[in-house]
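Student:
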Amino acid sequence: MNNLSSLLALWISLISNVVLTALKIVVGYLFNSQVLIADGIHNAGDVIATFAALTSSMVSKKPADADHPYGHGKAEVIASAIVAIILAMAAVLMVFKSVEVLFEPAAEASIIALIAAFISLIWKQGLYIYCIRLGKTQRSKSLTATANDHLADVYASTAAVAGIGATLIGERYGIPFTQYGDPIAGMIVSYFVLKLAYEMGKESIGILMEKNLPSEQLIQLEDIVRSIPQVKRIDRIRAREHGHYILVDIRVSISNDLTIQEGHDISRLIKNSIKNQIQDVEEVMVHLNPWYEENVTS
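In my numbering, each number is its position in the sequence shown, counted from 1, plus 1038.
Below is the structure:
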């Protein structure tokens, strides 16, 4: 059911991006709105990003196999990295376009272009809320990346609304320099989009490089293991994200006089305790070390 809801959200995002791309580019050309055309080109990149997220989401849900014993979860992380790269490229393009517009003759603004930009703003804000809530609930990297992509579009559409609106007001009331509102807003927005791309890229690289979980989550794992009486000492805990789930490796010491069966039961108890208390954990590997009385230190 969760998989279906994620795929539905991504399909809605993909179709929305196609429609908005066509709307912005057509209206932009018809009414000579450079900012709307640029926003439409940005949306065309979103189509590619959303398609990558959709494909990776379907791949990541495949069960583990002989070639991929840990599953396919990192497919979503790769898609997240792709989206980050596309956002960064879009941000740089927005900066160059904004600087270029500063030195071009001001184009006449259109109320139709303003309406199209406002529709995009509301539409994208709704998609962002929908996708980010679902992405966090299901720990879906591809869905969260798509949500952040929508957020970048909200920034871009806000700049378009502000720029076109400022130009319309300036034309109506004869206010000077209002035509520069659009490129200035575009440069400000590009900063936020670039910052968003950096944060997404940093997280994706961390997961791909198998960075350990944050310390508070490792402490939670340690507390669970320490609650098991037979565990004498925690020798090592490692845990990493693998897309939408977590893999855990644990080394613990137990009494050396226990049987293999008793050790197996303790290992299973550790594994079940962690998986029952931390929903996102998919796999727990437990290594048992012998513990002797002389290991006790004062």
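The C-beta atom is built at its ideal place from N, Cα and C for all residues, glycine as well.
Would you report the Cα separation of Tyr1166 and Asp1187, rounded to the nearest angstrom?
Tutor: Rounded to the nearest angstrom, the two C-alpha atoms are 8 Å apart.
Student: Quick check: what's the CA-CA separation for Ile1298 versus Lys1313?
Tutor: Distance between the alpha carbons of Ile1298 and Lys1313 is about 23 Å.
Student: Starting from the Cα of Leu1326, find the closest Cα among Ser1291, Gln1315, Ile1063, Leu1296 and give me that residue.
Tutor: Of Ser1291, Gln1315, Ile1063, Leu1296, the residue nearest in Cα terms is Ser1291.
Student: One question on the structure: do Val1319 and Ile1284 come within less than 9 Å of each other, judged by their Cβ atoms?
Tutor: Their beta carbons are under 9 Å apart, which means Val1319 touches Ile1284 by this criterion.
Student: Run the CB neighbour count on Ser1336, radius 10 Å, all protein chains shown included, and call it buried at 16 or more, exposed below.
Tutor: Only weak support exists for where Ser1336 lies, its pLDDT of 40 falling under 50; the value from the coordinates is given anyway. Looking at its Cβ environment, which holds fewer than 16 other Cβ atoms inside 10 Å, Ser1336 is exposed.
Student: Please go through the same chain and pick out, in chain order, the residues whose beta-carbon is closer than 6 Å to the beta-carbon of Leu1189, but skip the five residues on each side of it.
Tutor: Once the five neighbours on either side are set aside, the close Cβ partners of Leu1189 are Tyr1166.
Student: Is there contact here, the segment 1071 to 1082 with the segment 1049 to 1063, by at least three beta-carbon pairs under 8 Å?
Tutor: Flag = yes, the segment 1071 to 1082 and the segment 1049 to 1063 touch.
Student: Is the beta carbon of Ala1204 closer than 9 Å to that of Gln1217?
Tutor: Cβ distance < 9 Å, so Gln1217 and Ala1204 count as in contact.
Student: Between Ser1305 and Val1324, what straight-line distance do the alpha-carbon atoms span, to the nearest angstrom?
Tutor: Rounded to whole angstroms, Ser1305 to Val1324 spans 6 Å at the Cα level.
Student: Quick check on DSSP: helix, strand or coil for Leu1326?
Tutor: Leu1326: strand per DSSP, three-state reduction.
Student: Which same chain residues end up closer than 7 Å to Phe1089 when comparing Cβ atoms and leaving out the 5 residues on each side of it in sequence?
Tutor: Result list for Phe1089: Leu1052, in chain order.
Student: Exposed or buried, Trp1049, counting other C-beta atoms within 10 Å across all chains shown (16 or more means buried)?
Tutor: Counting Cβ neighbours within 10 Å, Trp1049 comes out exposed, since fewer than 16 surround it.
Student: Which first and last residues belong to the beta strand (DSSP E) in which Arg1177 is found?
Tutor: Segment: none, Arg1177 is in no beta strand (DSSP E) and carries neither H nor E.
Student: If you draw a straight line from the C-alpha of Thr1196 to the C-alpha of Ile1120, how long is it?
Tutor: Rounded to whole angstroms, Thr1196 to Ile1120 spans 24 Å at the Cα level.
Student: Confirm, please, whether the CB-CB distance from Lys1240 to Arg1278 is below 9 Å.
Tutor: Their beta carbons are not under 9 Å apart, which means Arg1278 does not touch Lys1240 by this criterion.
Student: Quick one: what does DSSP say Ile1053 is sitting in, helix, strand or coil?
Tutor: Residue state, collapsed to three classes: helix.
Student: Pop quiz: Ile1275 and Ser1311 are said to be a contact at Cβ under 8 Å. What is the actual Cβ separation, rounded to whole angstroms?
Tutor: About 13 Å separates the two Cβ atoms, so there is no contact after all.
Student: With a threshold of 6 Å on Cβ separation, who are the neighbours of Ala1129 within its own chain once the five nearest residues in sequence on each side are excluded?
Tutor: Same-chain partners within the cutoff: Ser1228, Val1231, Leu1232.
Student: Taking the alpha-carbon positions, what's the Gln1163 to Glu1300 distance?
Tutor: Roughly 55 Å between the two C-alpha positions.
Student: Quick one: complete alpha helix (DSSP H) runs, 4+ long, within the segment 1116 to 1183?
Tutor: For the segment 1116 to 1183, whole alpha helix (DSSP H) runs of length 4 or above, ordered along the chain, are 1149 to 1176.
Student: Just to check my reading of the structure: Val1199 and Phe1156 have Cβ atoms closer than 8 Å, yes? What is that Cβ distance to the nearest angstrom?
Tutor: Going by Cβ atoms, the distance from Val1199 to Phe1156 rounds to 5 Å, so yes, they are a contact pair.
Student: CB-CB under 7 Å to Ala1087, same chain, minus the five flanking residues each way: which ones, in chain order?
Tutor: Same-chain partners within the cutoff: Ile1120, Val1121, Ile1124, Asp1187.
Student: What does DSSP give as the partner residue(s) for Pro1290 in the beta ladder?
Tutor: Pro is not the amino acid found at residue 1290; the sequence shown has Val there. Partner(s): Ile1272, Leu1326.
Student: Return the Cβ separation of Ala1185 and Ile1170 in integer angstroms, given the expectation that the two are a contact with Cβ distance under 8 Å.
Tutor: Confirmed, Cβ separation roughly 4 Å.
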